[in-house]
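Under our numbering, think of the first position of the sequence shown as 39, with each following residue one higher.
Virtual Cβ for every residue (Gly too), placed ideally from N, Cα, C.
Note that the structure is predicted; figures quoted are calculated from it, not measured.
For reference, the structure is listed below as structure tokens.
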Amino acid sequence: MLSEQKFREELQKFVEQMSQNKWNWQLKEVKIRIMIFSAKFKFQNGKYARETHLETLSSGKIVSADIHILYNSTYQVPTLWFNFFENSERFSSKVGEASKIDIFVADGAPIPFEEVVRDILKIPESEESDSSLRQRISHYEHPILGVLYYNIHPCNTEKIMKELKTDSYLISWLSVYGQQLGLRLPDSLKVH
Numbered sequence: 039m040l041s042e043q044k045f046r047e048e049l050q051k052f053v054e055q056m057s058q059n060k061w062n063w064q065l066k067e068v069k070i071r072i073m074i075f076s077a078k079f080k081f082q083n084g085k086y087a088r089e090t091h092l093e094t095l096s097s098g099k100i101v102s103a104d105i106h107i108l109y110n111s112t113y114q115v116p117t118l119w120f121n122f123f124e125n126s127e128r129f130s131s132k133v134g135e136a137s138k139i140d141i142f143v144a145d146g147a148p149i150p151f152e153e154v155v156r157d158i159l160k161i162p163e164s165e166e167s168d169s170s171l172r173q174r175i176s177h178y179e180h181p182i183l184g185v186l187y188y189n190i191h192p193c194n195t196e197k198i199m200k201e202l203k204t205d206s207y208l209i210s211w212l213s214v215y216g217q218q219l220g221l222r223l224p225d226s227l228k229v230h
């Protein structure tokens with residue numbers, strides 16, 4: 039288990055390390071509304087990390103990936119939330135004399151689950167065991183954004199993490215769970 043305070047500390051450090059390595063992780067702070075009972079609510083500060091990038095599918099289609107690391111207070115572990123979106127427009131912009139930048143705009147349409155599993159995560163259809171990533175992906179309302187996102191269910195995270203001895207829970211966790219989504223870590227942060 040990981041306390042929420044320890045998660046926040048490690049998340050802050052992780053985002054700083056990724057930034058130093060020129061990786062696109064950002065730390066986000068939000069007010070989370072929590073129902074206490076009936077119609078009474080309290081507000082709590084929440085933190086999560088976000089990374090976005092483009093992925094090129096084997097068909098040549100370019101999609102936007104949006105990946106978040108949030109704290110799951112029920113299981114007391116980090117959780118990966120992710121979604122992939124169609125890109126509907128492509129703009130080219132000339133910068134200086136010789137360089138050109140292509141800018142893609144996500145149209146907001148999420149990619150269907152079967153396409154995510156087949157073309158992005160590349161999980162074979164034959165892989166249906168209980169330990170399969172396909173079986174551990176859920177589609178729920180994102181706890182902060184309030185829209186449907188995928189997540190890797192955190193029910194086995196504590197058991198897996200107990201087997202790893204490490205100084206950084208979050209880096210070890212991301213080494214295990216992030217690679218399933220194709221997330222890479224700089225060599226300086228990899229768990230050896």
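With the cut-off set at 7 Å, would you say residue 86 and residue 66 are in Cβ contact?
For the purposes of this step, residue 86 is identified with residue 48 of the sequence shown, where counting begins at 1. For the purposes of this step, residue 66 is identified with residue 28 of the sequence shown, where counting begins at 1. Yes. Within cutoff.
Let me know if residue 140 comes out buried or exposed under the rule of 16 or more other beta-carbons within 10 Å of its beta-carbon.
Residue mapping note: residue 140 aligns to position 102 of the sequence shown, counting from 1. Interpretation of residue 140 is limited by its pLDDT of 49, a score under 50 that renders its predicted location unreliable; no figure is taken from the coordinates.
Where residue 4 sits in the DSSP three-state scheme:
This structure gives no information on residue 4, because the portion of the chain shown stretches from 39 to 230.
Buried versus exposed, by CB contacts within 10 Å (16 or more), residue 48
Counted from its first residue, the sequence shown places residue 48 at position 10. Per the 10 Å Cβ criterion, buried.
Thinking C-alpha only, which one of 94, 117 and 39 is nearest residue 181?
Numbered from 1 along the sequence shown, position 143 holds the residue referred to as residue 181. Of the candidates 94, 117 and 39, the one whose C-alpha sits nearest the C-alpha of residue 181 is 117.
Span of the alpha helix (DSSP H), counted from its first residue to its last, around residue 198
Translated into positions along the sequence shown, residue 198 becomes position 160. Counting along the chain, the alpha helix (DSSP H) containing residue 198 begins and ends at 195-200.
For residue 43, tell me which candidate among 94, 64 and 110 has the shortest Cα-Cα distance.
What you label residue 43 is simply residue 5 of the sequence shown in a count that begins at 1. Of the listed residues, the one whose Cα sits closest to residue 43 is 110.
Compute the distance between the beta-carbons of residue 215 and residue 190, then report whether it is under 7 Å.
Within the sequence shown, the letter at position 177 stands for residue 215. Within the sequence shown, the letter at position 152 stands for residue 190. In this structure, residue 215 places its C-beta atom within 7 Å of the C-beta atom of residue 190.
Hey, residue 161 and residue 155: beta-carbon distance below 7 Å or not?
Counting from 1 along the sequence shown, the entry for residue 161 is found at position 123. Counting from 1 along the sequence shown, the entry for residue 155 is found at position 117. Yes, Cβ-Cβ distance for residue 161 and residue 155 is below 7 Å.
Host beta strand (DSSP E) of residue 209 (start-end):
Reading the sequence shown from its first residue, position 171 is the one you call residue 209. Not the beta strand (DSSP E): residue 209 falls in the alpha helix (DSSP H), residues 207-215.
Can you tell me the Cα-Cα spacing of residue 50 and residue 63, whole angstroms?
Translated into positions along the sequence shown, residue 50 becomes position 12. Translated into positions along the sequence shown, residue 63 becomes position 25. Straight-line spacing of the CA atoms in residue 50 and residue 63 works out to 10 Å.
Tell me the DSSP secondary structure of residue 179 in three-state form.
Translated into the one-based positions of the sequence shown, residue 179 becomes position 141. Looking at residue 179 - three-state DSSP - the assignment turns out to be strand.
Between the C-alpha atoms of residue 197 and residue 211, what's the straight-line distance to the nearest angstrom?
Numbered from 1 along the sequence shown, position 159 holds the residue referred to as residue 197. Numbered from 1 along the sequence shown, position 173 holds the residue referred to as residue 211. In this structure, the alpha-carbon of residue 197 lies about 11 Å from that of residue 211.
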